[in-house]
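Student: My questions all concern the structure below.
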Amino acid sequence: MLELLLLISLFALLLWHRKLADRVRSLESTVETLRRQIEADALPLPSAADAPAEATKAATETEAATVPDAAQADQEPAQEMLTEPEPMVSDGATVAPPKPPESFESRFGARWSVWVGGLALALGGIFLVRYSIDAGLLGPAARLVLATLFGLLLAGAGEVLRRGALPRLPKAYTGAMIPGALTAAASITLIATTYTAYGVYGFIGATPAFLLLALISLATLALSLLHGQALAGLGLAASLIIPALVASDAPKITFLFGFLSLVWLAAAGAARIRRWHVLPVLANLGLALWVIAYALGADVLDPVPPGAALLVLIAGTGFLWPGLAFETGEEEAPSDPWRRLRALFGRRPRAILWSASLSVLFAMLCLTVIDTPSTTHPALMLTAVAGALAGLGAGRRAGAIPALFAALTAVLGTLLIALTQMAIATTPATEVGSGLLGGIGPSVLGALTLGAIFTLCGLMFQHRKGMDDPDLGALWALLASAVPISLATITFLTEGMLGRDWLHGIYGLAIGVALLATVERLWRRERIPPLAADLLLLGTFAAFTFSLHALTHGLVTTLGVAVLGFAFVLATRTRPWRGLPWAMVLAAIVIGARIAWEPTIVGPDALGKTPVFNALLAGYGVPAALLIASAFLLRDWPGRRLVNALQGLAALAGLLAISILVRHAMNGGVLDERVPTLGEQSTYTLLLIGLSGILMTLDTKSPSPTFRVGSMLAGVIATLNILSAHLFVLNPFFSNEGIGTWPVVNLLLPGYLLPALGYAGLALYARDRRPKAYVMMLSLTGAVLAFLWATLSVRWFWQGPNIGDWKGFLPAETYTYSVIWLLIGVGLLALGSRLDTRSLRLASAGLVLISVCKVFLIDMSNLEGILRALSFMGLGGVLIGIGLFYQRILARSHEAAPPAGD
Numbered sequence: 002m003l004e005l006l007l008l009i010s011l012f013a014l015l016l017w018h019r020k021l022a023d024r025v026r027s028l029e030s031t032v033e034t035l036r037r038q039i040e041a042d043a044l045p046l047p048s049a050a051d052a053p054a055e056a057t058k059a060a061t062e063t064e065a066a067t068v069p070d071a072a073q074a075d076q077e078p079a080q081e082m083l084t085e086p087e088p089m090v091s092d093g094a095t096v097a098p099p100k101p102p103e104s105f106e107s108r109f110g111a112r113w114s115v116w117v118g119g120l121a122l123a124l125g126g127i128f129l130v131r132y133s134i135d136a137g138l139l140g141p142a143a144r145l146v147l148a149t150l151f152g153l154l155l156a157g158a159g160e161v162l163r164r165g166a167l168p169r170l171p172k173a174y175t176g177a178m179i180p181g182a183l184t185a186a187a188s189i190t191l192i193a194t195t196y197t198a199y200g201v202y203g204f205i206g207a208t209p210a211f212l213l214l215a216l217i218s219l220a221t222l223a224l225s226l227l228h229g230q231a232l233a234g235l236g237l238a239a240s241l242i243i244p245a246l247v248a249s250d251a252p253k254i255t256f257l258f259g260f261l262s263l264v265w266l267a268a269a270g271a272a273r274i275r276r277w278h279v280l281p282v283l284a285n286l287g288l289a290l291w292v293i294a295y296a297l298g299a300d301v302l303d304p305v306p307p308g309a310a311l312l313v314l315i316a317g318t319g320f321l322w323p324g325l326a327f328e329t330g331e332e333e334a335p336s337d338p339w340r341r342l343r344a345l346f347g348r349r350p351r352a353i354l355w356s357a358s359l360s361v362l363f364a365m366l367c368l369t370v371i372d373t374p375s376t377t378h379p380a381l382m383l384t385a386v387a388g389a390l391a392g393l394g395a396g397r398r399a400g401a402i403p404a405l406f407a408a409l410t411a412v413l414g415t416l417l418i419a420l421t422q423m424a425i426a427t428t429p430a431t432e433v434g435s436g437l438l439g440g441i442g443p444s445v446l447g448a449l450t451l452g453a454i455f456t457l458c459g460l461m462f463q464h465r466k467g468m469d470d471p472d473l474g475a476l477w478a479l480l481a482s483a484v485p486i487s488l489a490t491i492t493f494l495t496e497g498m499l500g501r502d503w504l505h506g507i508y509g510l511a512i513g514v515a516l517l518a519t520v521e522r523l524w525r526r527e528r529i530p531p532l533a534a535d536l537l538l539l540g541t542f543a544a545f546t547f548s549l550h551a552l553t554h555g556l557v558t559t560l561g562v563a564v565l566g567f568a569f570v571l572a573t574r575t576r577p578w579r580g581l582p583w584a585m586v587l588a589a590i591v592i593g594a595r596i597a598w599e600p601t602i603v604g605p606d607a608l609g610k611t612p613v614f615n616a617l618l619a620g621y622g623v624p625a626a627l628l629i630a631s632a633f634l635l636r637d638w639p640g641r642r643l644v645n646a647l648q649g650l651a652a653l654a655g656l657l658a659i660s661i662l663v664r665h666a667m668n669g670g671v672l673d674e675r676v677p678t679l680g681e682q683s684t685y686t687l688l689l690i691g692l693s694g695i696l697m698t699l700d701t702k703s704p705s706p707t708f709r710v711g712s713m714l715a716g717v718i719a720t721l722n723i724l725s726a727h728l729f730v731l732n733p734f735f736s737n738e739g740i741g742t743w744p745v746v747n748l749l750l751p752g753y754l755l756p757a758l759g760y761a762g763l764a765l766y767a768r769d770r771r772p773k774a775y776v777m778m779l780s781l782t783g784a785v786l787a788f789l790w791a792t793l794s795v796r797w798f799w800q801g802p803n804i805g806d807w808k809g810f811l812p813a814e815t816y817t818y819s820v821i822w823l824l825i826g827v828g829l830l831a832l833g834s835r836l837d838t839r840s841l842r843l844a845s846a847g848l849v850l851i852s853v854c855k856v857f858l859i860d861m862s863n864l865e866g867i868l869r870a871l872s873f874m875g876l877g878g879v880l881i882g883i884g885l886f887y888q889r890i891l892a893r894s895h896e897a898a899p900p901a902g903d
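Taking the working numbering, the leading residue of the sequence shown gets 2, the next gets one more, and so forth.
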């Protein structure tokens, strides 16, 4: 039944072909008529109806002049005239005529049916051989000979039709020509026949089968130059599948990847001749899949053959196709940074470069992550492949994609190699080797060499094309420092001498000197864009910082980073490079990371217990002092972001230095994770209040967003400390911490009274300088602290140094609370009226309301006798006095107000 359907399909295909042939003959007649009219100069070339007569005549003369003879005139000019009419000209601008949408009949009749018919022919040949086998009609040799003849017949038919029909087909159908479909069917038939002769009947061995299959697939690629990209894709797919079809007990990996490299070169050559874009993408992905399959399935890995194939891919992309085909003039870059970034990574031919870069990335990661035995260290092949991809990125205008993926390949590959070696290593890294050359191994040598290649590519790009292509130059300025420092950091942490590594230290110095010298040289020649110069300068600082970490440790490293950043700040006196002072910002970040890693700077065992005068004073104090000096020296720097960043970091570093010295001193010279006491926490709160006042003063003298925001942020953080620690966590009423035996001068003084006074002074100072909501927050916080100090002092008076809640309340103590709270309420009311501070008056009202609730809810039930009477009498007298006070204030306000009619 299936054979009958195939036969019917074949007849239908022939009928459809005859119909198309009639249409072709009609088109030939039309073309011939038009050719004769053009030669007789009787018919102008088709153009826009509104085109000037002179332009039409010139176009006709030009078109006629390009026809060398009558034999050629019936092909290209008339065909282009029918399929691609001249663009319309309107007001001096060229406007292409709208292209009519392709109909379903055109798609089905002229395109889909052709390729489906070709597939049907190929399957028909295969099924015919299958039928002869099942029916036992012919012997194996006869079957194969007939199948081969059928394939050759299809190929011959395709060539005959190509010679007769190809020049007359419109360009719209060149991708679905009948000759190409027949050739594709022939290729499939011959491949299937050859494989059957090898895999089913065993008539030929593996080597002849491989050679025949390769010959057929490469011939298909060659014929694609005549039949189109679809046939090329078929030939490429067949070439990539052949090694999997022809099995071998002892495959030769060198021969395998040599063949795959040849196939890739053939595909790239065909793509270059016909300027195809899809075929190279498929070739790149196919080669990468073979490398990945080999890496996952090999018992003993040999990275050289697949790495060499990837090198062929990179070299072919750089020099064969697309090569220099898209090295056109520079386009105007958009002003928006994100659009410029998208344009940088969207340069043509992006599809080919994305596929090549992704193929190299994933293939090399598979070669490096597999922990199977290897004949060659994977770091050496990684260095060659990633370095070659970096060279491609530095040598082409569309090199942003390969440059970025080269960096990813280098960093991720080196990291995977290091992690794999750490997993199987038996000797700690710090015990391997000694001296300058003691740590050199394949991994270290490969990583440092690869980093040097990136630096060389980046600096050469700056010299050659930095000013012509500033966007790509900025990317290479970043990679020239980021990649070598990243690679060196990986090898230093995994295989270096963590105490003092001369190899990595000198390497960092060399990278930094090379970057700095490049900036100096190009700046003198005025040949470096500002952004590239900034990135190279920051890369210089990163390289020198890495060198410091490799050659020093502990306090010396911390101080060295701070001094190095300050040296870059001082360099602004002689060089107007805007990237120099940002090095101090990076220095602060590096020091902050070191402090987070080791807060004691020198280690807990080496830290002395002497208050203030210990390693913390230098480790925290010197960077803070240099940050403050930098902010002062650069106060007139044109970049306000930098000034704001330095000012904020200086304030933070100063606060951190003082806080760490306080903690060290108040914990017996030990820095640990214990919860601070109330006295220690009060010190931090007072420091935040003082910092807020200092920043407010600086903002008054030299307005700055950093000072303004920082001052309010310090006040908010201090308030959060009050709400969390002073009120609840560290409150002696809950913690039962001893207060002391002295009146007033006890733990409650720094814990509550001094912060209350500080908040009061800060709120008074912030009036008319900060938002009213912020001033109100300060005033209310101060009032709460004063209330707590008075309340806890009353409890200390009645209960002694330990005022924990487990002791309960005495009747006299309860009465005293009412008296004190009312007195505080009256005092806040008077002070708020005197200073005209609404927040204090609101605090007074709230405190009086609390007192009223206490008297009616607590004193009425807990007090007896004279104390209950005195409590209510005092409350009533105070409330009447407050009411009289407010009545007088309201009366004065009413008298001072103008009459309603005025």
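All C-beta atoms in this analysis are idealised placements derived from N, C-alpha and C, irrespective of residue type, glycine included.
Just so we're clear, the structure is a prediction, and the values are computed from it rather than from any experiment.
#1: So, with DSSP's three-state summary, where would you put Ser-1?
#2: Rounded to a whole number of angstroms, what is the C-alpha to C-alpha distance between Leu-473 and Met-365?
#3: Which partner residues of Ser-375 appear in the DSSP bridge assignment?
#4: Within 10 angstroms of its Cβ, does Asp-769 collect 16 or more other Cβ (buried), or is it exposed?
#5: Quick one: measure Cβ to Cβ for Ile-529 and Leu-523, integer angstroms, because I've assumed they're closer than 8 Å.
#6: Assign Val-776 to buried or exposed, taking buried as 16 or more other Cβ atoms, counted over all protein chains shown, within 10 Å of its Cβ.
#7: How many angstroms separate the CA atom of Thr-373 from the CA atom of Val-301?
#8: According to DSSP, is Phe-346 part of a helix, a strand, or is it coil?
#9: If you compare alpha carbons, which of Met-461, Met-468, Leu-413 is closest to Leu-448?
#10: Going by DSSP, what residue range makes up the alpha helix (DSSP H) through Lys-702?
#11: Between the C-alpha atoms of Asp-337 and Arg-343, what's the straight-line distance to the nearest angstrom?
#12: Taking the straight line between their C-alpha atoms, what separation do you get for Ala-652 and Leu-662?
#13: If you count every other CB in all the chains shown that lies within 10 Å of the CB of Ser-435, and 16 or more means buried, which is it?
#14: Within 8 Å of any Cβ in chain E, is that where the Cβ of Glu-527 sits?
#15: Leaving out the 5 sequence neighbours to the left and right, which residues in its chain are closer than 7 Å to Ala-289 when beta-carbon positions are compared?
#16: For Asn-285, is the classification buried or exposed, using 16 other Cβ atoms within 10 angstroms of its Cβ as the cut-off for buried?
#17: Within 10 angstroms of its Cβ, does Gln-230 collect 16 or more other Cβ (buried), or is it exposed?
#18: With Val-644 and Leu-635 assumed to form a contact (beta carbons below 8 Å), what rounded beta-carbon distance in angstroms separates them?
#19: Given that a residue counts as buried once 16 or more other Cβ atoms are within 10 Å of its Cβ, and exposed if not, what is Leu-325?
#20: What is the rounded straight-line gap between the Cα of Ile-254 and the Cα of Pro-244?
#21: Could you compute how far the alpha carbon of Ile-602 sits from the alpha carbon of Ile-596?
#22: Name the two residues that bound the continuous alpha helix (DSSP H) containing Ser-444.
#23: Here's the rule: buried if 16 or more other CB atoms are within 10 angstroms of the residue's CB, otherwise exposed. What is Met-423?
#24: On the CB-based measure, 16 or more other CB atoms within 10 Å of its CB, does Thr-575 come out buried or exposed?
#25: Between Ser-444 and the rest of its own chain, which residues show a CB-CB distance below 7 Å, the 5 nearest in sequence each way excluded?
#26: Any idea what DSSP makes of Pro-600, helix, strand or coil?
#27: From the DSSP output, in three-state form, read off Pro-751 for me.
#28: Give, in chain order, every unbroken run of the beta strand (DSSP E) that is at least 3 residues long and sits entirely within the segment 584 to 663.
#29: As a quick exercise: from Arg-642, His-665, Gly-580, Trp-578, pick the residue whose alpha carbon is nearest that of Tyr-621.
#30: Give the single residue among Leu-765, Trp-822, Gly-801, Ser-794 whose Cα lies nearest to the Cα of Gly-833.
#31: Who are the Cβ neighbours of Glu-814 in its own chain at under 7 Å, not counting the five residues just before and after it?
#32: Going along the chain, which residues of its own chain have a beta-carbon closer than 6 Å to the beta-carbon of Tyr-199, five neighbours each way excluded?
#33: Which residues in the same chain have their Cβ closer than 6 Å to the Cβ of Arg-709, if we skip the five residues on either side of it in sequence?
#34: Residues in the same chain with beta-carbon distance under 7 Å from Phe-105, minus the five sequence neighbours each way, listed in chain order, please.
#35: So, at 8 Å on beta carbons, what are the nonlocal neighbours of Leu-153 in its own chain, with the 5 sequence-adjacent residues on each side left out?
#36: Would you grab the beta carbon distance between Ala-391 and Ala-401 for me? Rounded to a whole angstrom, and I think it's under 8 Å.
Tutor: Checking against the coordinates, here is how it stands:
#1: A question about residue 1 goes unanswered here, because the residues of the chain that appear run from 2 up to 903.
#2: Rounded to whole angstroms, Leu-473 to Met-365 spans 25 Å at the Cα level.
#3: In the DSSP assignment, Ser-375 is bridged to Leu-302.
#4: Counting of Cβ neighbours within 10 angstroms places Asp-769 among the exposed residues, the total staying below 16.
#5: Contact between Ile-529 and Leu-523 holds: their C-beta atoms lie close to 4 Å from each other, under 8 Å.
#6: Buried, by the Cβ-count rule.
#7: Straight-line Cα distance between these residues: approximately 6 Å.
#8: DSSP, read as helix, strand or coil, puts Phe-346 in coil.
#9: Note on residue identity: the sequence assigns Ala, not Leu, to residue 448. Looking only at Met-461, Met-468, Leu-413, the smallest Cα-Cα distance to Ala-448 is reached by Leu-413.
#10: Counting along the chain, the alpha helix (DSSP H) containing Lys-702 begins and ends at 679 to 702.
#11: One Cα belongs to Asp-337, the other to Arg-343, and the distance between them is close to 10 Å.
#12: Each residue's alpha carbon lies about 16 Å from the other.
#13: With a pLDDT of 43 at Ser-435, under the threshold of 50, the modelled position of that residue is not reliable, and no figure is offered here.
#14: Of the chains in the structure shown, none is chain E; there is only one protein chain.
#15: If we look at Ala-289 and ignore the five residues flanking it on each side, its Cβ neighbours are Ser-360, Phe-363, Ala-364.
#16: By the 10 Å Cβ count, Asn-285 comes out buried.
#17: Gln-230 comes out buried.
#18: With 8 Å as the limit, Val-644 and Leu-635 qualify as a contact, their Cβ atoms being about 6 Å apart.
#19: Burial call: exposed.
#20: Cα to Cα, Ile-254 sits roughly 11 Å from Pro-244.
#21: Their backbone Cα atoms lie some 7 Å apart in a straight line.
#22: Here the alpha helix (DSSP H) through Ser-444 covers 443 to 466.
#23: Burial state of Met-423 is exposed, judged by a 10 Å Cβ sphere holding fewer than 16 other Cβ atoms.
#24: Note on Thr-575: under 16 other CB atoms within 10 angstroms of its CB, so exposed under the neighbour-count rule.
#25: Counting only Cβ-Cβ distances below 7 Å, and skipping sequence neighbours, we find Ala-380, Ile-418, Ala-419, Gln-422, Thr-492, Glu-496.
#26: Pro-600: coil per DSSP, three-state reduction.
#27: Note: Pro-751 maps to helix in three-state DSSP.
#28: Counting whole runs of 3 or more residues, the segment 584 to 663 contains no beta strand (DSSP E) stretch at all.
#29: Closest option to Tyr-621, Cα to Cα, is His-665.
#30: Comparing alpha-carbon positions, the option among Leu-765, Trp-822, Gly-801, Ser-794 lying closest to Gly-833 turns out to be Leu-765.
#31: For Glu-814, where only same-chain residues beyond five positions count, the Cβ hits under 7 Å are Val-795, Arg-796, Trp-799.
#32: Excluding residues up to 5 positions away in sequence, Ile-205, Ala-210 lie with their Cβ nearer than 6 Å to the Cβ of Tyr-199 in the same chain.
#33: Excluding residues within five positions, the ones whose Cβ falls inside 6 Å are Asp-700.
#34: A caution first: Phe-105 carries a pLDDT of 41, below 50, which makes its placement in the model too unreliable to give a value.
#35: Within the same chain, Ala-187, Leu-191 come within 8 Å of Leu-153 by CB-CB distance, once the 5 residues on both sides are set aside.
#36: Contact doesn't hold; Cβ gap of about 12 Å is too wide.
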